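Protein chains in written order, with my numbering: chain A, 1 to 315; chain B, 1001 to 1315.
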């Protein structure tokens, strides 16, 4: 599906590589390795959004690289604090470096991403970039300090997903639209597309945390549950389950491997996964609907197909 | 000395307060408390630099607030990783919040600082901001991974001080000069001023770590030594000391309180403190010299006096 834009994605990867590999050792080469091998979903969205409006070139590669760096920086800071040993199946940075150096490496990436954005000399894009960074952090902090451990409902789940995931996808397609000189209503449609795309993406991420195995996920299954995070599939299960069930056992502190495995098993066999995936498909349809007012061309069709792929992906 | 610009500094503080206190609980009020009570040295430099060129107003307050936030973000990330219990005599954020929330709060401040910079709609300032963030992080990482534990000399000390401290002061006066529409040579002079000011500031910080007490420092004395950091006063001592001395004992792992106290005592009584302070005064003179080509007015004289104060300060 992304074959037609492969050369563009490769240019983004070259820019990432050139920008990071030239930074002094050991920082540069380490970051370069770390950013190698992502899905480049944000890059694809930037390139495709540009193409919808017949725009392409170096500024789109810079924007894509900056968003990939922002995303990587948040992952580094997530991992160092979660003390996750694996990310994308590879050792996380803080298992190789002291935690403090890993935090600083994330900060460095934020600085490098800001530099790429600043080079665009486009105040609106710069503001959107700063806004999404704040939104993501505030959302994560809220999830951590306010929500966890308390009663949690769909409304809270969506509020979190919006802040920590959908906001970056929405900002990605919106910024690419601004860069492509799209009109106001078109930029609003792109924002809606990215937001719904992101919500579907998050739901599927949460489903995969329950249905995937360690090899696919690059980390142990059930990690949300272990952290007490009530994701949509778990909420779907709890809405219909008796109070005395294996999920509540894990949530109330029985974190041994057998209890986690039993909880995953009851969620899987309850039909909750399908209910959550159907909800994700609803967001995909919403996102596809938002594209209807944009110029009808091959790039738009690929965006539409990419949204559909989000629910089918296995990692 | 800063009495004439007190109303301007208060405006910066009001902007900091308004920006942060309005952020959702618990993040906003916590950051607001955290940023309360700093020295506002960077704010003073921004305001005074503007005034040298007859410029003032809201953009200078935004720049000052952004730099204070950037500085606070790096302190939060330093403290959380050093597991420092105190900063400015107050409990550090991560003693109140989980470490992960503290890292995210630092990220949030970086985002908020970037937003204030983006609002200036001044690409050159935005680029300088991104550059200094990268320089500071790369310098800290280098200090941590490459230098610590190995032979360290003045050259390395200055390289570190330049990256982690002087770069931000240099960027502060440079950005304020750009905002005040100073000419190219004047901006270069402002950069030199800030850089030398910052080097002197760092040396004095390192001296205070040995001569101050916990009440003044807001943290235990000798913390650099405990971390194996060879600061200038320690280097000055080691250059003349016998190999078998109390400082080397601490550096080779004897970290008990009595050993640290003995090491501080020999450095204090060796005259190394005065040698280091004399070197700091040299940088102060360099910084003051850089001001010579700028318009001769009250604000310039205050900048000059502020540089002199740096070596006299006790905290």
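Yeah, the Cβ is synthetic: ideal placement off N, Cα and C, and Gly gets one too.
It should be emphasised that the depicted structure is a prediction, and the values quoted were computed from it without experimental measurement.
Identify, in the order they occur along the chain, each residue of the same chain with its Cβ nearer than 6 Å to the Cβ of residue i, setting aside the five sequence neighbours on each side.
i	result
residue 1259 of chain B	1249 and 1250
residue 67 of chain A	42 and 172
residue 106 of chain A	73, 76 and 77
residue 275 of chain A	236
residue 1126 of chain B	1117
residue 325 of chain A	For chain A, the structure presents residues 1 to 315; residue 325 of chain A sits outside this window and is missing.
residue 1270 of chain B	1237
residue 1224 of chain B	1209 and 1231
residue 1040 of chain B	1009
residue 300 of chain A	52, 291 and 294
residue 1035 of chain B	1016 and 1072
residue 1070 of chain B	1113
residue 1176 of chain B	1046, 1049 and 1050
residue 180 of chain A	50, 53 and 55
residue 163 of chain A	135 and 139
DSSP three-state label for residue i, please.
i	result
residue 56 of chain A	coil
residue 126 of chain A	helix
residue 1236 of chain B	helix
residue 297 of chain A	coil
residue 1026 of chain B	coil
residue 1162 of chain B	helix
residue 136 of chain A	helix
residue 1171 of chain B	helix
residue 1119 of chain B	helix
residue 181 of chain A	coil
residue 1144 of chain B	helix
residue 112 of chain A	helix
residue 7 of chain A	helix
residue 2 of chain A	coil
residue 288 of chain A	helix
residue 304 of chain A	helix
residue 1036 of chain B	coil
residue 1152 of chain B	coil
residue 1042 of chain B	helix
residue 315 of chain A	coil
Note down, in chain order, each residue of its chain lying with its Cβ closer than 8 Å to the Cβ of residue i, except the 5 sequence neighbours on either side.
i	result
residue 96 of chain A	30
residue 1157 of chain B	1230, 1231, 1232 and 1235
residue 185 of chain A	293
residue 1314 of chain B	1208, 1212 and 1216
residue 1167 of chain B	1132, 1135, 1136, 1139, 1195 and 1198
residue 305 of chain A	1
residue 255 of chain A	226
residue 308 of chain A	284 and 288
residue 1022 of chain B	1028
residue 4 of chain A	298 and 302
residue 240 of chain A	270 and 272
Among the residues of its own chain, which have a CB less than 7 Å from the CB of residue i, if the five just before and after it don't count?
i	result
residue 265 of chain A	none
residue 1245 of chain B	1266
residue 1124 of chain B	1178
residue 1311 of chain B	1200, 1204, 1277, 1280, 1281 and 1284
residue 262 of chain A	246
residue 1059 of chain B	1120 and 1179
Let me check you understand the geometry: is the CB of residue i closer than 7 Å to at least one non-hydrogen atom of the ligand ADP?
i	result
residue 79 of chain A	Ligands are entirely absent from the displayed structure, and the ligand ADP is therefore not among its contents.
Original post:
According to a CB-to-CB cut-off of less than 7 Å, which residues of the segment 102-113 of chain A neighbour chain B?
Top reply: 103, 104, 105, 107, 108, 110, 111 and 112
**OP:** Please list the residues of the segment 1118-1130 of chain B that have a C-beta atom closer than 8 Å to any C-beta atom in chain A, keeping them in chain order.
**Re:** 1118, 1119, 1121, 1123, 1126, 1127, 1129 and 1130
**OP:** Taking only runs that begin and end inside the segment 1210-1277 of chain B, name each unbroken alpha helix (DSSP H) of 4 or more residues, in chain order.
**Re:** 1214-1217, 1223-1226, 1232-1240, 1246-1251 and 1257-1269
Original post:
Going along the chain, which residues of the segment 133-157 of chain A sit with their C-beta nearer than 9 Å to a C-beta in chain B?
Top reply: 133, 134, 135, 136, 137, 138, 140, 141, 142, 144, 145 and 146
Original post:
Got a sec: which bits of the segment 1013-1038 of chain B sit with their beta carbon under 9 Å from any beta carbon on chain A, in order along the chain?
Top reply: 1023, 1024, 1025, 1026, 1027 and 1028
Subject >> Members of the segment 1268-1284 of chain B near chain A, C-beta cut-off 8 Å >> reply: none
**OP:** Could you please tell me which residues of the segment 1186-1215 of chain B, in chain order, have their CB closer than 7 Å to any CB of chain A?
**Re:** none
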